[in-house]
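Student: First, the structure itself, so that you have it in front of you.
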Amino acid sequence: LELKNSLEKITIKLVKNKLYFDLKTLLPKKTSRDNLPFKIYELEKGKILICCEFKHVKGMEFKSIILPRFLEAQKLAMFFGLMHSDGFKKFGYKEIYKKHINSPYVGFTNGEPFVINLFLDLFDELFLIDRQNFDATLKFPLEINKNQEEKLKEIWTKLTKKTPKKIYRDTKRAKKWCPAGILSIGLYNILMAEIIISSLKKFLKDIDNIKPKDIKYID
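Quick note on my numbering: the sequence shown kicks off at 4 and runs consecutively.
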């Protein structure tokens, strides 16, 4: 495959009165953590193949991914806003530490079911990755009995389509109002984590310093 580096100028497409960002132009040339180059190949039907050669991770699913090329601007801005406020990225390679760890992954933490649902909906709509791919961990601030714990688990499982892997008490939040607990959802994929976080950093920087000459409109 003839792979190309990401482009400099932000490209925007107008379709039926909706603006779409070109993901190719939101990606920086290199990852934010290891300074590794992103490579992109254009596929048919508005898709792109994004590759990055992570040295410490085995398996092609961590080194290449197919995503939509054009992302609806309004939804992407909302998604990046959620990531900027309550999103996270963690690193720690199983290949190095020789044990199972739930990272590297990209995720989101919140105690409001509506906000968690919004995040998962946006992730699916933008990147075509549904909520069943996420792992979930639930923590609650109050002393609750087994029946209450099962009820909380039922609520979050119904919402996320995934039973929380861990449920434990968070005593640091004992004085905070979190009746449904605090849910952390994470996607175990280093490349997706880097695409989102690197793109978010570049997006925020570009939006802050953008000039009309930096935007390219296409049909």
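Think of the CB as a built atom: it goes at the ideal place given N, C-alpha and C, for glycine as much as any other residue.
Would DSSP call E45 helix, strand or coil?
Tutor: strand
Student: Going straight from the alpha carbon of I99 to that of F65, what length do you get?
Tutor: The predicted model places I99 with a pLDDT of 49, which falls under 50 and marks its position as unreliable; any figure quoted below should be read in that light. Distance between the alpha carbons of I99 and F65: 15 Å.
Student: What three-state label does DSSP hand G84 in the structure shown?
Tutor: helix
Student: At which residues does the beta strand (DSSP E) containing L129 begin and terminate?
Tutor: Run containing L129: none in the beta strand (DSSP E); it sits in the alpha helix (DSSP H), P116 to F130.
Student: Indicate whether the contact test is met: 3 or more Cβ pairs, each with one atom in the region 67 to 79 and one in the region 188 to 206, closer than 8 Å.
Tutor: Verdict: yes, contact present.
Student: Could you give the first and the last residue of the continuous alpha helix (DSSP H) run that contains N113?
Tutor: Segment Y108 to N113 is the beta strand (DSSP E) holding N113; no alpha helix (DSSP H) there.
Student: State the CB to CB distance for the pair K205 and L29, rounded to an integer number of angstroms; the pair is presumed to be in contact (CB under 8 Å).
Tutor: 6 Å
Student: CA-CA distance, I15 and F126?
Tutor: 20 Å
Student: Considering I13, what are the terminal residues of the beta strand (DSSP E) in which it resides?
Tutor: I13 to V18
Student: Suppose you measure from the CA of K12 to the CA of F24; what does that come to, to the nearest Å?
Tutor: Looking at the two C-alpha atoms, the distance is approximately 11 Å.
Student: Near P167, which residues of its chain fall below 8 Å by C-beta distance, leaving aside the five closest residues on each side in sequence?
Tutor: A139, T140, L141, K156, W159, T160 and L186
Student: Sort L79, N113, K78 and K21 by Cα distance to F91 and report the nearest one.
Tutor: N113
Student: Return helix, strand or coil for I99, following the three-state DSSP convention.
Tutor: Residue placement at I99 is flagged as unreliable, the pLDDT there being 49, under the threshold of 50; the coordinate-derived value follows with that caveat. The answer is helix: DSSP assigns I99 an H, G or I state.
Student: Ends of the beta strand (DSSP E) at E75?
Tutor: F73 to E75
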